[in-house]
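Residue numbers (our numbering): 86 to 331. Here's the structure we're looking at; comments come further down.
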């Protein structure tokens, strides 16, 4: 029995020692909401993780403003590799804290081109994003993405997760893909050419003026605005291609 107790104590000691850093985070309060400015070079791409809300701010200069509890700021990382910024909340035990005290990141961008979303936060912009192209990928997560964009090429895709995508503005070519559970609502993204593929249980909304090509493999419907001259549909699922009446 003594040996068993000794082994138990050793295991507990090792566990607590290895988790000391994480345990410290668990007993750390959020602290007063504080803003911190971080210098950054050129930012064209963003990878968003965890429970961080992101606001894109079109600007001639670039930089990052993080607003969060003072005690959490040091572990909200903003790592820039080349022109790709990766935002993460590396604090432990976030579930024990006050969810009303959000983590917000304002990122000042010029010619922003790509968002890879792996988050539960929301993404917005405070003005129109002008860029050579715009790619929005949802790989996991459950927040909402709402962007106003003017770009020659738009790609919006939900690969996995329940996050929603809503993009408005103007583009020449729009490519849309969904295999997740979230809604893609691009009905206010006026596009000359639209190519859309749905493997989703949710619906997709698009807007085409000249050409609309749709592939439906899932049960979700594809709704479209506009009066495209050329319409083609490959329907292998139970979803339908439906026009939104004005």
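Backbone N, C-alpha and C define an ideal beta-carbon position, used for all residues, glycine too.
- In the structure shown, residue 177 falls within a coil segment according to DSSP collapsed to helix, strand and coil.
- The Cβ atoms of residue 218 and residue 238 lie closer than 7 Å to each other.
- If you draw a straight line from the Cα of residue 198 to the Cα of residue 188, it is about 23 Å long.
- Residue state for residue 117 is assigned as coil, using DSSP reduced to three classes.
- Taking C-beta separations shorter than 7 Å and ignoring five residues to either side along the sequence, the partners of residue 193 in its chain run 142, 144, 146, 147, 148, following chain order.
- By the Cβ rule, the segment 260-273 counts as touching the segment 281-294, because three or more pairs are nearer than 8 Å.
- In the DSSP assignment, residue 123 is bridged to 149.
- For residue 239, the uninterrupted beta strand (DSSP E) run begins and ends at 229-243, by DSSP.
- Exposed is the label assigned to residue 257, since fewer than 16 other Cβ atoms lie within 10 Å of its Cβ.
- Remark: C-beta atoms of residue 290 and residue 308 approach each other more closely than 7 Å.
- Within its own chain, the residues whose Cβ lies closer than 6 Å to the Cβ of residue 326, once the five positions on either side in sequence are excluded, are 299, 307, 318, listed in chain order.
- A check of alpha carbon separations from residue 123 across 115, 129, 161, 134 identifies 161 as the nearest.
- Only residues of its own chain outside the window of five on either side were considered, and among them 213, 233, 234, 235, 274 have a CB closer than 7 Å to the CB of residue 254, listed in chain order.
- The alpha-carbon of residue 322 is positioned some 24 Å away from that of residue 314.
- With a contact defined as Cβ atoms closer than 8 Å, residue 130 and residue 175 miss out at about 20 Å.
- Classified as exposed, residue 167 has fewer than 16 neighbouring CB atoms from the shown chains inside 10 Å of its CB.
- Counting along the chain, residue 292 sits inside the beta strand (DSSP E) bounded by residues 289-301.
- Per DSSP, the unbroken beta strand (DSSP E) holding residue 316 starts and ends at 315-320.
- The Cβ atoms of residue 138 and residue 206 lie closer than 7 Å to each other.
- Beta-bridge partners of residue 166 (DSSP): 169.
- A straight line joining the alpha-carbon of residue 242 with that of residue 116 spans about 37 Å.
- In its chain, beyond the 5 residues on either side, 205, 247, 248 have a beta carbon closer than 6 Å to the beta carbon of residue 227.
- In this structure residue 329 is exposed. Its beta-carbon is surrounded by fewer than 16 other beta-carbon atoms within 10 angstroms.
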